[in-house]
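**Student:** If you're matching them up, the sequences are chains Z and G in order.
Going letter by letter, the first sequence gives residues 1 to 354 in this note's numbering.
Going letter by letter, the second sequence gives residues 1 to 354 in this note's numbering.
Beta carbons: idealized from backbone N, C-alpha and C, even for Gly.
Handing you a structure now.
Number of protein chains: 2
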Amino acid sequence: MIPSGNPTLEMVAAEAGVSRATVSRVVNGHASVAPEAVAAVHAAVARLNYVPNRVARSLASRRTDVIALIVPESTSTVFADPFFAPVVRGVARALAETDFTLNLLVASETRPEKTRRYLLGGNVDGALVVSHHSGDHSYLGLGDALPIVFGGRPLNPELESRHYVDVDNRHAAQSATEYLLGSGRRRVATIAGPQDMPAGIDRLAGWRDAVEAVGGDVSLAEHGAFTQQSGAEAVIRLLDRHPASGAGSASTGSASTGSAGAGFDALFAANDQMAAGAIQALRNRGLSSPADVAVVGFDDDAFAATLDPPLTTVRQPATELGVSMTELLVRLISGEEAPHRTIIPTELVRRGTA
Amino acid sequence: MIPSGNPTLEMVAAEAGVSRATVSRVVNGHASVAPEAVAAVHAAVARLNYVPNRVARSLASRRTDVIALIVPESTSTVFADPFFAPVVRGVARALAETDFTLNLLVASETRPEKTRRYLLGGNVDGALVVSHHSGDHSYLGLGDALPIVFGGRPLNPELESRHYVDVDNRHAAQSATEYLLGSGRRRVATIAGPQDMPAGIDRLAGWRDAVEAVGGDVSLAEHGAFTQQSGAEAVIRLLDRHPASGAGSASTGSASTGSAGAGFDALFAANDQMAAGAIQALRNRGLSSPADVAVVGFDDDAFAATLDPPLTTVRQPATELGVSMTELLVRLISGEEAPHRTIIPTELVRRGTA
DNA sequence: GTACGCTTGGAGAGCGCTCTCACGAGCTGC
DNA sequence: GCAGCTCGTGAGAGCGCTCTCCAAGCGTAC
Chain Z
1 MIPSGNPTLE
11 MVAAEAGVSR
21 ATVSRVVNGH
31 ASVAPEAVAA
41 VHAAVARLNY
51 VPNRVARSLA
61 SRRTDVIALI
71 VPESTSTVFA
81 DPFFAPVVRG
91 VARALAETDF
101 TLNLLVASET
111 RPEKTRRYLL
121 GGNVDGALVV
131 SHHSGDHSYL
141 GLGDALPIVF
151 GGRPLNPELE
161 SRHYVDVDNR
171 HAAQSATEYL
181 LGSGRRRVAT
191 IAGPQDMPAG
201 IDRLAGWRDA
211 VEAVGGDVSL
221 AEHGAFTQQS
231 GAEAVIRLLD
241 RHPASGAGSA
251 STGSASTGSA
261 GAGFDALFAA
271 NDQMAAGAIQ
281 ALRNRGLSSP
291 ADVAVVGFDD
301 DAFAATLDPP
311 LTTVRQPATE
321 LGVSMTELLV
331 RLISGEEAPH
341 RTIIPTELVR
351 RGTA
Chain G
1 MIPSGNPTLE
11 MVAAEAGVSR
21 ATVSRVVNGH
31 ASVAPEAVAA
41 VHAAVARLNY
51 VPNRVARSLA
61 SRRTDVIALI
71 VPESTSTVFA
81 DPFFAPVVRG
91 VARALAETDF
101 TLNLLVASET
111 RPEKTRRYLL
121 GGNVDGALVV
131 SHHSGDHSYL
141 GLGDALPIVF
151 GGRPLNPELE
161 SRHYVDVDNR
171 HAAQSATEYL
181 LGSGRRRVAT
191 IAGPQDMPAG
201 IDRLAGWRDA
211 VEAVGGDVSL
221 AEHGAFTQQS
231 GAEAVIRLLD
241 RHPASGAGSA
251 STGSASTGSA
261 GAGFDALFAA
271 NDQMAAGAIQ
281 ALRNRGLSSP
291 ADVAVVGFDD
301 DAFAATLDPP
311 LTTVRQPATE
321 LGVSMTELLV
331 RLISGEEAPH
341 RTIIPTELVR
351 RGTA
């Protein structure tokens, strides 16, 4: 809505006694304008409380100075997803120093057309896509119409050539598993994430890399859905499939009340939520962490440190991811070339569970 | 950025052999157009893969079909604020059925001009402002230039006449306190929130209403900053100021290891975070909840139910708040009159701590 | 005095769309 | 048979801005 009374460039020009072009030049800091003219324009702008109409400007200049951050609706439900907030923060931070404005688009999955039309309708200069999901084909049709940066490696082969920023999930998972192995644990199990998301796939692959390297048992894997509940269920399945055998059960100082123990002595969970659920479920079975089962999570959720005991986990620098994605996109928008792949390092945060 | 190759209305018109006006009519579903013309246009649109340029449309129609959700940067830091996610979800849900698009604006507090210019620059049809903070004067200058709906009662007197949706914090706090009183507790303390936010002020007032009604001790109040840490600190101050006296200390089944107990037997915390911190601190002093001190929180955070024991709290229907704000704004945009104040009911969720 | 370069500012043609207005065609009714 | 309709369509004038010319003014050089 443009209030009818809004002052226009034209009115400012009249007020300042110069032409529209001159006002435009002053407002945008272009070219050389005589000091008196500049002063006159500034005065007129102030007097009329003029604010340039960005829509008109966009139409004429074919730029919008807006970038979209697209979040699939299903993610927004998991919006509370502790991973998400810091990403947004990073994006906002990176953008604060530019003239770009953030535009968070909750992509309705039932009406993908709406998103596509918005993106193609000249509303934004570029888009950031944060999605944990694959199977989302909304961005295929966009072709090269718009610079897009993905957060996380796009699974779709057609999108693989697009620009993306990701953490090295695979390597981080491998390191975490190696850490477990290096601390004297023999049988490291894993609760993997959904295998239709890069984070799920890559973290499982990393675990397997490490386990295979020492000739370990790669059957010690169960899948979860990145939720606490699913983590609990997965660990129970693990326990049922691999009850206490010769190995494991260090039981030093454990509160084991009479359970059979576990057929593994360490666990790498593909995210913190599942790790939390697993620890809870283990406890219900009389198994404690780290005594009976050392646990390493992934993400370093806001609450990871507040668990009891505090969770050892792989920190995913989400804020930095947001910053990095944004900087990349801004460069693409300004026409620069940039590498398609940016990998952000992770860090193992040692706390109480391993 | 508008890719140079983008088809325009003009091109569609040429392709379909009709005038621009007719294409516009078909695309927007206006008026009566001959069936053959409609078919021809649709065919041309499909053939050219035409997507209307929303910027041009906005310029001409003076509508944008975009509404902004404004979040102050400081909130976005607390973005993980469990209150926020469901609000966004509610907004997105309400918008999904309309043609409006959501535009989340992280308002830079260091550059308020940026937000103001964006809002005034004809980019959006209306704005939703979610802020827990007062002292934000960014919206004062907007006058009636733009329909705005606030989430939470605006503290600034100048904004009081604006439209807002809020939960009845005061009444909810009163009810929660009465519930505590009704369950046999005699001395109900409170940890209030910051007194520069409506939620802080109103919840304290509600507690006082209930306490005064039974001639209780209104000095049993300390302030916190809505964080876990501050909740813990506040309850310690409470404990220090009011050690065990004649009253309180039911101590049934408590693990009291030798502490002095507390000079209050119930606690109403202005949010769940502070309640969680308080329970933790009480426990460190050998006091347990609900045995020694019954606790009621506020918000029903995502994690409230997962605490041990699960937290009794006042549920704040955040999603509904988002929906309600959005519906109100949409009505305002379409020029309807609407009540300035919408109050959403809360609900006491009885769990383990009271 | 002419030629040339430089700075400054104005005119005007769009950007892609909406929407009013007017016009022609086909109809009804007397 | 003609006024008076309605219905479908096209022409064209913007919406508020950018940006490319182009012209005027002034200074310097020859």
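1) The beta strand (DSSP E) with Pro-309/G in it runs from where to where?
2) Is DSSP giving Thr-22/G helix, strand or coil here?
3) Listing by chain order, which chain Z residues have their CB less than 8 Å from the CB of Ser-175/G?
4) Can you find at least 3 beta carbon pairs, one from the stretch 15–22 of chain G and one from the stretch 175–194 of chain Z, that sit closer than 8 Å?
5) Could you tell me whether any Cβ in chain G is nearer than 8 Å to the Cβ of Leu-287/Z?
6) What is the rounded straight-line gap between the Cα of Ala-31/G and the Cα of Val-41/G?
7) Helix, strand or coil: which one does DSSP assign to Val-330/G?
8) For chain Z, find out if any of its Cβ atoms is closer than 8 Å to the Cβ of Ala-278/G; answer yes or no.
9) Would Leu-355/Z pass as a contact of Gly-126/Z if the rule is Cβ separation under 8 Å?
10) Please list, in chain order, all residues of the same chain as Thr-353/Z whose beta carbon is under 6 Å from its beta carbon, the five residues on each side excluded.
11) Helix, strand or coil for Arg-62/Z, going by three-state DSSP, please let me know.
12) Would a C-beta distance cut-off of 8 Å place Leu-146/G and Phe-268/G closer than the cut-off?
13) State yes or no: is the C-beta of Phe-150/Z within less than 8 Å of the C-beta of Ala-318/Z?
14) Residues of the stretch 49–63 of chain G in Cβ contact with chain Z at a cutoff of 7 Å, in chain order, please.
15) Nearest CA to the CA of Asp-168/Z: which residue from Pro-35/Z, Phe-226/Z, Pro-198/Z?
16) Output the distance between the C-alpha atoms of His-340/Z and Tyr-164/Z, rounded to the nearest integer angstrom.
17) Can you tell me which of the three DSSP states Tyr-164/Z falls into?
18) Counting only Cβ-Cβ distances shorter than 9 Å, please list the residues of the stretch 206–224 of chain Z near chain G, keeping chain order.
19) List the residues of chain Z that Arg-331/G touches, going by C-beta distances under 8 Å, in chain order.
20) In angstroms with no decimal places, state the Cα-to-Cα distance between Val-38/G and Gly-152/Z.
21) Hey, Ala-176/Z and Asp-202/Z: beta-carbon distance below 8 Å or not?
22) Report yes if the CB atom of Val-129/Z is closer than 8 Å to the CB atom of Ile-70/Z, and no otherwise.
23) Can you list, in chain order, the residues of its chain with a C-beta nearer than 8 Å to that of Arg-170/Z? Leave out the 5 residues immediately preceding and following it.
24) Who pairs with Gly-297/Z in a beta bridge, going by DSSP?
25) Cα separation between Leu-9/G and Asp-99/G?
26) Show which residues of chain Z have a CB atom less than 9 Å away from the CB atom of Leu-181/G.
27) Along the beta strand (DSSP E) that carries His-171/Z, what are the first and last residues, could you check?
28) Can you give me the Cβ contacts of Gly-200/G inside the same chain, cut-off strictly under 7 Å, excluding the 5 residues immediately before and after it?
29) Output yes or no for whether 8 Å exceeds the beta carbon distance between Val-91/Z and Met-274/Z.
30) I believe Val-45/Z touches Val-12/Z by the beta-carbon criterion, under 8 Å. Please report the beta-carbon distance rounded to the nearest angstrom.
31) Suppose you measure from the CA of Gly-184/G to the CA of Arg-162/G; what does that come to, to the nearest Å?
32) Name, please, each residue of chain G whose Cβ falls closer than 9 Å to the Cβ of Arg-283/Z.
33) For chain Z, is any of its Cβ atoms less than 8 Å away from the one on Gly-121/G?
**Tutor:** Short version:
1) By one-based count along the second sequence, residue 309/G stands at place 309. Counting along the chain, Pro-309/G falls outside any beta strand (DSSP E), and DSSP gives it neither H nor E.
2) Counted from its first residue, the second sequence places residue 22/G at position 22. Here Thr-22/G carries a helix assignment [DSSP, helix/strand/coil].
3) Start at 1 with the first residue of the second sequence, and residue 175/G comes out as number 175. By Cβ distance, chain Z contributes nothing, its closest Cβ being about 26 Å from Ser-175/G, past 8 Å.
4) The stretch 15–22 of chain G is not in contact with the stretch 175–194 of chain Z.
5) Within the first sequence, the letter at position 287 stands for residue 287/Z. Cβ-Cβ to chain G under 8 Å: no for Leu-287/Z.
6) Indexing the second sequence from 1 puts residue 31/G at position 31. Indexing the second sequence from 1 puts residue 41/G at position 41. Each residue's Cα considered, the two are about 15 Å apart.
7) Within the second sequence, the letter at position 330 stands for residue 330/G. Helix.
8) As a first step, residue 278/G is located in the second sequence; it is residue number 278 there, counting from the start. So no, Ala-278/G is outside the interface.
9) Lying before the first or after the last residue shown, residue 355/Z is absent from chain Z, which here runs from 1 to 354.
10) Position 353 of the first sequence, counted from the start, is the residue given in the question as residue 353/Z. Closer than 6 Å at the Cβ level, and outside the excluded window around Thr-353/Z, lie Ser-289, Pro-290, Val-295, Pro-309, Leu-311, Thr-312.
11) Within the first sequence, residue 62/Z is the residue found at index 62, counting from 1. In this structure, Arg-62/Z counts as coil in the three-state DSSP scheme.
12) By 1-based counting over the second sequence, the position of residue 146/G is 146. By 1-based counting over the second sequence, the position of residue 268/G is 268. Annotated as distal: Leu-146/G and Phe-268/G, with beta-carbon spacing of 8 Å or more.
13) Position 150 of the first sequence, counting from 1, holds the residue named residue 150/Z. Position 318 of the first sequence, counting from 1, holds the residue named residue 318/Z. No. Outside cutoff.
14) Those would be Val-51, Pro-52, Asn-53, Arg-54, Val-55, Ala-56, Ser-58, Leu-59, Arg-62, Arg-63, in chain order.
15) Here the question's residue 168/Z lines up with position 168 in the first sequence. Taking only the C-alpha atoms, the option nearest Asp-168/Z is Pro-198/Z.
16) Translated into the one-based positions of the first sequence, residue 340/Z becomes position 340. Translated into the one-based positions of the first sequence, residue 164/Z becomes position 164. Roughly 6 Å between the two C-alpha positions.
17) As a position in the first sequence, residue 164/Z is number 164, starting the count at 1. It is a strand residue.
18) Near chain G, meaning a CB-to-CB distance below 9 Å, no residue of the stretch 206–224 of chain Z qualifies.
19) Translated into the one-based positions of the second sequence, residue 331/G becomes position 331. Result: empty, since nearest Cβ-Cβ is about 14 Å, beyond 8 Å.
20) Translated into the one-based positions of the second sequence, residue 38/G becomes position 38. Translated into the one-based positions of the first sequence, residue 152/Z becomes position 152. Computed Cα separation, rounded: 43 Å.
21) Taking the first sequence and counting its residues from 1, the one referred to as residue 176/Z is at position 176. Taking the first sequence and counting its residues from 1, the one referred to as residue 202/Z is at position 202. No, these two residues do not count as a Cβ contact at 8 Å.
22) Along the first sequence, one-based indexing puts residue 129/Z at 129. Along the first sequence, one-based indexing puts residue 70/Z at 70. Going by C-beta atoms, Val-129/Z is nearer than 8 Å to Ile-70/Z.
23) Counting from 1 along the first sequence, the entry for residue 170/Z is found at position 170. Result list for Arg-170/Z: Asp-202, Arg-203, Ala-205, Gly-206, Asp-209, in chain order.
24) Your numbering for residue 297/Z matches position 297 in the first sequence. The partner list for Gly-297/Z (beta bridge, DSSP) reads Thr-313/Z.
25) Residue 9/G sits at position 9 when you count from the first residue of the second sequence. Residue 99/G sits at position 99 when you count from the first residue of the second sequence. Cα to Cα, the separation comes out at about 20 Å.
26) Position 181 of the second sequence, counting from 1, holds the residue named residue 181/G. None at all; the shortest Cβ gap to chain Z is about 31 Å.
27) Taking the first sequence and counting its residues from 1, the one referred to as residue 171/Z is at position 171. Counting along the chain, His-171/Z falls outside any beta strand (DSSP E), though it belongs to the alpha helix (DSSP H) covering 169–182.
28) In the second sequence, the residue the question calls residue 200/G occupies position 200. Taken in chain order, the residues that qualify are Ala-192, Gly-193, Pro-194, Ala-270.
29) Translated into the one-based positions of the first sequence, residue 91/Z becomes position 91. Translated into the one-based positions of the first sequence, residue 274/Z becomes position 274. Contact flag unset, no.
30) To locate residue 45/Z, count along the first sequence from 1; it is residue 45. To locate residue 12/Z, count along the first sequence from 1; it is residue 12. Contact holds; Cβ gap of about 6 Å.
31) On the second sequence, residue 184/G is found 184 positions in, with the first residue counted as 1. On the second sequence, residue 162/G is found 162 positions in, with the first residue counted as 1. Gly-184/G and Arg-162/G: Cα-Cα distance of roughly 42 Å.
32) As a working mapping, residue 283/Z is identified with position 283 in the first sequence. Among the residues of chain G, none has a CB under 9 Å from the CB of Arg-283/Z; the nearest is roughly 11 Å distant.
33) The residue labelled residue 121/G in the question sits at position 121 within the second sequence. For Gly-121/G, the answer is yes, since a Cβ of chain Z falls inside 8 Å of its Cβ.
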